[in-house]
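Here the sequence shown stands for residues 1 to 210, numbered as in this note's numbering.
Here a beta-carbon is modelled for each residue, glycine too, at the ideal position from N, C-alpha and C.
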Amino acid sequence: MLSRLAVAGRVSLSIAVPAVALNLLIGVTLGLVAGYFGGRLDTVISALSDIQLAIPIMLLLIAIVSAIGPSILTLIVVIGVANWVGYARVARATAWSLREREFIWAPKTHGATHGWILRKHLVPNVVPALAVLVPFDLGVIVLLEAALSFLGLGIQAPTPSWGGMIEEGQTYLRDSPVITILPGLMLFMLVAGLQFMSQRLTGVQSQKAE
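Next up, the structure:
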């Protein structure tokens, strides 16, 4: 039981970490491009963000996974592609507020490329704000994976998953509730710890801003 709990935790993180990395790649790229260039690019990317937000992510995940079948790679790609809007909005707001600063336009007069400016000046400025979102997003993705596994659309047996273990334990809930309680407790502790980390990072950044 304990070994399955440990493996299930590792599996959850093996999905959450690369999914967040994909979220960051897509969201930061689109957000920086929208905020830095503005104009039609900003309009199009903002419209894509609004469309993405209009679709409940859980319903989107259920529809896609049901259509193509569950697997670890599928979960990583689908969650990574469907959950980038928060990062894009933070990156866009940062780029928009900084794009008229001297350290942004001065390199342009010396022939610096847009890619160089984005990489050297805007990305480092957006990292602190994104650092707050990452642990929060990890917790959200762990919950999404557990919910999908509970519904039979996530990690498939024999690979253990906290959501799958909770679903399996329902049969024995009256006689042996610990089978359901332990994976639920592990899930709660991991997500709560990640949320606490996000709040602590927010507090640290607020103190630095003061």
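Residue range of the unbroken alpha helix (DSSP H) whose run includes residue i
i: K108; result: E102 to T109
i: I166; result: W162 to G169
i: M58; result: I57 to I68
i: W116; result: H114 to I117
i: L73; result: I72 to A82
i: P128; result: V123 to F150
i: G39; result: G39 to A54
i: Y87; result: V85 to L98
Cα-Cα separation, residue i to residue j
i: V142; j: V65; result: 16 Å
i: I117; j: S198; result: 29 Å
i: T202; j: L41; result: 30 Å
i: G193; j: T29; result: 28 Å
i: L190; j: V123; result: 29 Å
i: K108; j: L24; result: 26 Å
i: A8; j: T159; result: 8 Å
i: V211; j: I79; result: It is not possible to answer for residue 211, since the shown part of the chain is limited to 1 through 210.
i: V178; j: Q52; result: 39 Å
i: A63; j: W105; result: 45 Å
i: H121; j: S49; result: 24 Å
i: V140; j: S14; result: 14 Å
i: F188; j: R101; result: 44 Å
i: R200; j: S46; result: 30 Å
i: S176; j: F37; result: 59 Å
Integer-rounded CB distance, given that residue j should sit under 8 Å from residue i
i: G164; j: A157; result: 7 Å
i: L133; j: Y87; result: 6 Å
i: G169; j: R92; result: The pair is not a contact, with the Cβ atoms about 44 Å apart (cut-off 8 Å).
i: G35; j: R119; result: Contact doesn't hold; Cβ gap of about 15 Å is too wide.
i: L60; j: A82; result: 5 Å
i: A16; j: E145; result: 7 Å
i: L138; j: I76; result: Actually they are not in contact, since the Cβ atoms of L138 and I76 sit about 13 Å apart, beyond 8 Å.
i: V251; j: T94; result: Nothing about residue 251 can be reported from this structure: the residues present for the chain run from 1 to 210 only.
i: V136; j: Q195; result: Val is not the amino acid found at residue 136; the sequence shown has Phe there. Correct: roughly 6 Å between the Cβ atoms.
Neighbourhood of residue i by C-beta distance below 8 Å, restricted to the same chain and skipping five residues each side
i: A147; result: M58, G154 and G163
i: S161; result: A8, V11, S12, E145, A146, S149, G154 and I155
i: I26; result: G80, V81, W84, Y87 and A88
i: I5; result: Residue identity differs from the one stated: residue 5 is Leu in this sequence, not Ile. These residues qualify, in order along the chain: P160, W162, M165, L182, P183 and M186.
Residues near residue i by beta carbon distance below 6 Å, same chain, minus five either side
i: A129; result: V90
Cβ of residue i within 8 Å of any chain B Cβ
i: I72; result: No chain B appears in this structure, which consists of one protein chain only.
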